[in-house]
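Peer 1: After the structure tokens below, expect a handful of questions from me.
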Amino acid sequence: MSIRHPIISVTGSSGAGTTSVRQIFEHVFRREGVNAVCIDGDAYHRYDRAQMKQAIAQADKDGDHHFSHFGPHANLLGELQELFRRYGDDGTGRTRHYVHDAGEAEHYGCPPGTFTPWEDLPGPSDLLFYEGLHGAVVADGYDIAGHADLKIGVVPVINLEWIQKIHRDRTSRGYSTDDVMTTILRRMPDYVRYICPQFTQTDINFQRVPTVDTSNPFIARWIPTPDESIVVIRFRNPRGIDFPYLLSMIAGSFMSRANSIVIPGGKLDLAMQLILTPLILQLVERKRRAG
Numbered sequence: 001m002s003i004r005h006p007i008i009s010v011t012g013s014s015g016a017g018t019t020s021v022r023q024i025f026e027h028v029f030r031r032e033g034v035n036a037v038c039i040d041g042d043a044y045h046r047y048d049r050a051q052m053k054q055a056i057a058q059a060d061k062d063g064d065h066h067f068s069h070f071g072p073h074a075n076l077l078g079e080l081q082e083l084f085r086r087y088g089d090d091g092t093g094r095t096r097h098y099v100h101d102a103g104e105a106e107h108y109g110c111p112p113g114t115f116t117p118w119e120d121l122p123g124p125s126d127l128l129f130y131e132g133l134h135g136a137v138v139a140d141g142y143d144i145a146g147h148a149d150l151k152i153g154v155v156p157v158i159n160l161e162w163i164q165k166i167h168r169d170r171t172s173r174g175y176s177t178d179d180v181m182t183t184i185l186r187r188m189p190d191y192v193r194y195i196c197p198q199f200t201q202t203d204i205n206f207q208r209v210p211t212v213d214t215s216n217p218f219i220a221r222w223i224p225t226p227d228e229s230i231v232v233i234r235f236r237n238p239r240g241i242d243f244p245y246l247l248s249m250i251a252g253s254f255m256s257r258a259n260s261i262v263i264p265g266g267k268l269d270l271a272m273q274l275i276l277t278p279l280i281l282q283l284v285e286r287k288r289r290a291g
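Sequential numbering from 1 applies to the sequence shown in full-length UniProt numbering.
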């Protein structure tokens with residue numbers, strides 16, 4: 001953790017909705033004039049798209065049917081931890097980009113499914129913002145969570161998470177439902193070992209819970225809308241959180257525990273801005289005073 005070079009980490013599994021949360025953060029950064037370096041967790045996968053297919057095929061041949069992006073062997077967790085450490089020390093570090101699609105390929109000049117070359121972070125900056133799978137890992141000798149100043153978990157209940165992943169992968173990647181189901185089953189052991197434990201390390205969790213039937217996510221035709229959901233927001237340390245203010249500002253909200261507030265799903269954007277803006281500004285103000 002660093003006063004001079006703060007780090008915000010948003011973590012959640014594939015299909016959890018971390019990309020939407022990233023857009024909310026970027027909106028706050030623009031509105032408040034915060035110069036943030038944004039890091040995509042996909043940049044720290046060990047293999048590009050073609051290499052990952054080969055690695056999975058080899059793992060299957062070796063009898064390992066659970067090799068996945070969720071586990072440490074398919075990722076560069078050492079390099080990610082080193083990025084967090086270096087940025088916390090002096091505001092520097094190196095990263096790259098994973099090219100997801102043709103639009104990004106045109107922008108970065110690399111084919112889809114590959115990585116751009118490693119490069120130094122632009123600087124100076126007010127803070128580092130990470131969004132990906134492993135922003136709060138504490139396992140196998142890694143302590144990435146220990147380097148982050150503000151850790152956010154994005155955690156839909158698991159059936160909703162699967163529905164979101166199935167719809168995304170079928171729509172944008174052309175996968176069949178059976179393909180996605182195979183991926184979900186392959187990732188399950190690593191999900192339990194490396195993804196779930198992170199949410200005990202996070203400072204705030206946002207968990208979306210559908211209020212419609214999602215009992216069989218593999219036949220769901222639609223993703224439940226925000227108006228068909230509630231969001232449970234859990235604070236690891238509720239001290240300093242102005243719950244009466246949040247309850248007055250977010251219509252339909254209520255306290256479910258001393259450290260948790262429940263809001264209508266359609267109010268997530270508002271709630272995140274109300275909760276996160278002062279926390280972001282506190283980090284930036286601490287940095288400026290220290291500097």
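Cβ atoms here follow ideal geometry from the backbone N, Cα and C, with glycine treated the same way. Quick caveat: nothing in here was measured; it's all calculated off a predicted structure.
1) According to DSSP, what are the bridge partners of K151?
2) Can you give me the start and stop residues for the beta strand (DSSP E) that P197 sits inside?
3) Taking the beta strand (DSSP E) that M255 falls in, what are its first and last residues?
4) Strictly by DSSP, which residues pair up with G132?
5) Considering Cα atoms alone, identify which of F70, F129, K53 is closest to S9.
6) Just list the alpha helix (DSSP H) runs in the segment 12-92, keeping only unbroken ones of 4 residues or longer that don't cross its boundaries, in chain order.
7) So, helix, strand or coil for D143, using DSSP?
8) Could you give the first and the last residue of the continuous beta strand (DSSP E) run that contains F235?
9) List the DSSP bridge partners of D120.
10) If distances are taken between C-alpha atoms only, which option among P278, P224, F235 comes closest to Q201?
11) How big is the Cα-Cα spacing for T114 and S13?
12) Who does I204 pair with in a DSSP beta bridge?
13) Please classify N216 as buried or exposed, where buried requires at least 16 other C-beta atoms within 10 Å of its C-beta.
14) Could you compute how far the alpha carbon of Q282 sits from the alpha carbon of Y191?
15) How would you write the range of the beta strand (DSSP E) that V262 sits in, first residue to last?
16) Rounded to whole angstroms, what is the Cα-Cα separation between T177 and R186?
17) Measure the alpha-carbon distance for D169 versus T183 and round it to whole angstroms.
18) Going by other Cβ atoms of all chains shown within 10 Å of its Cβ, with 16 needed for buried, is E119 buried or exposed?
19) What are the boundary residues of the alpha helix (DSSP H) that T171 is part of?
20) Could you check whether H147 and Y194 sit closer than 9 Å to each other, using their CB atoms as the reference points?
21) Is it right to say A287 is buried, meaning 16 or more other beta carbons lie within 10 angstroms of its own, or is it exposed?
22) Can you look up V209 in the DSSP assignment and give me helix, strand or coil?
23) Cα separation between S260 and W162?
Peer 2: So, from the data block:
1) Residue numbering aside, residue 151 sits at position 151 when the sequence shown is read from its first letter. K151 pairs with S9.
2) Locating residue 197 in the sequence shown gives position 197, where the first residue counts as 1. That residue, P197, is in no beta strand (DSSP E); it is neither H nor E in DSSP.
3) Numbered from its first residue, the sequence shown carries residue 255 at position 255. Per DSSP, M255 belongs to the beta strand (DSSP E) from 254-257.
4) Indexing the sequence shown from 1 puts residue 132 at position 132. Looking at the DSSP assignment, G132 forms a beta bridge with T11.
5) Working through the sequence shown from its first residue, we reach residue 9 at position 9. Of the listed residues, the one whose Cα sits closest to S9 is F129.
6) 18-32, 49-61, 77-90
7) Taking the first residue of the sequence shown as 1, we reach residue 143 at position 143. Reduced to three states, the DSSP call for D143 is strand.
8) Locating residue 235 in the sequence shown gives position 235, where the first residue counts as 1. Looking at the DSSP string, the run of the beta strand (DSSP E) that includes F235 is 229-235.
9) Walking along the sequence shown from the start, residue 120 turns up at place 120. BP columns for D120 point to R94.
10) Here residue 201 refers to the residue found at position 201 of the sequence shown. The option with the nearest alpha carbon to Q201 is F235.
11) Within the sequence shown, the letter at position 114 stands for residue 114. Within the sequence shown, the letter at position 13 stands for residue 13. So the alpha carbons of these two residues sit roughly 21 Å apart.
12) As a first step, residue 204 must be located in the sequence shown, where it is residue number 204. The partner list for I204 (beta bridge, DSSP) reads I152, F235.
13) Taking the sequence shown and counting its residues from 1, one reaches residue 216 at position 216. So N216 counts as exposed.
14) Within the sequence shown, numbered from 1, the residue matching residue 282 stands at position 282. Within the sequence shown, numbered from 1, the residue matching residue 191 stands at position 191. C-alpha separation (whole angstroms): 33 Å.
15) Along the sequence shown, read from residue 1 onward, the residue named residue 262 stands at position 262. Residues 260-264.
16) Residue numbering aside, residue 177 sits at position 177 when the sequence shown is read from its first letter. Residue numbering aside, residue 186 sits at position 186 when the sequence shown is read from its first letter. Rounded to whole angstroms, T177 to R186 spans 14 Å at the Cα level.
17) Counting from one through the sequence shown, the residue named residue 169 turns up at place 169. Counting from one through the sequence shown, the residue named residue 183 turns up at place 183. Within the model, the alpha-carbon separation for D169 versus T183 is close to 11 Å.
18) On the sequence shown, residue 119 is found 119 positions in, with the first residue counted as 1. Answer is exposed; the Cβ neighbour count stays below 16.
19) Locating residue 171 in the sequence shown gives position 171, where the first residue counts as 1. Note, T171: alpha helix (DSSP H), 158-173.
20) Taking the first residue of the sequence shown as position 1, residue 194 is located at position 194. Taking the first residue of the sequence shown as position 1, residue 147 is located at position 147. Taking 9 Å as the Cβ cut-off, Y194 and H147 do not qualify as a contacting pair.
21) As a first step, residue 287 is located in the sequence shown; it is residue number 287 there, counting from the start. Before going on, a small fix: residue 287 reads as Lys here, not Ala. With 16 or more Cβ atoms within 10 Å of its Cβ, K287 is classed as buried.
22) Locating residue 209 in the sequence shown gives position 209, where the first residue counts as 1. Strand.
23) As a working note, residue 260 is residue 260 in the sequence shown. As a working note, residue 162 is residue 162 in the sequence shown. Cα to Cα, the separation comes out at about 24 Å.
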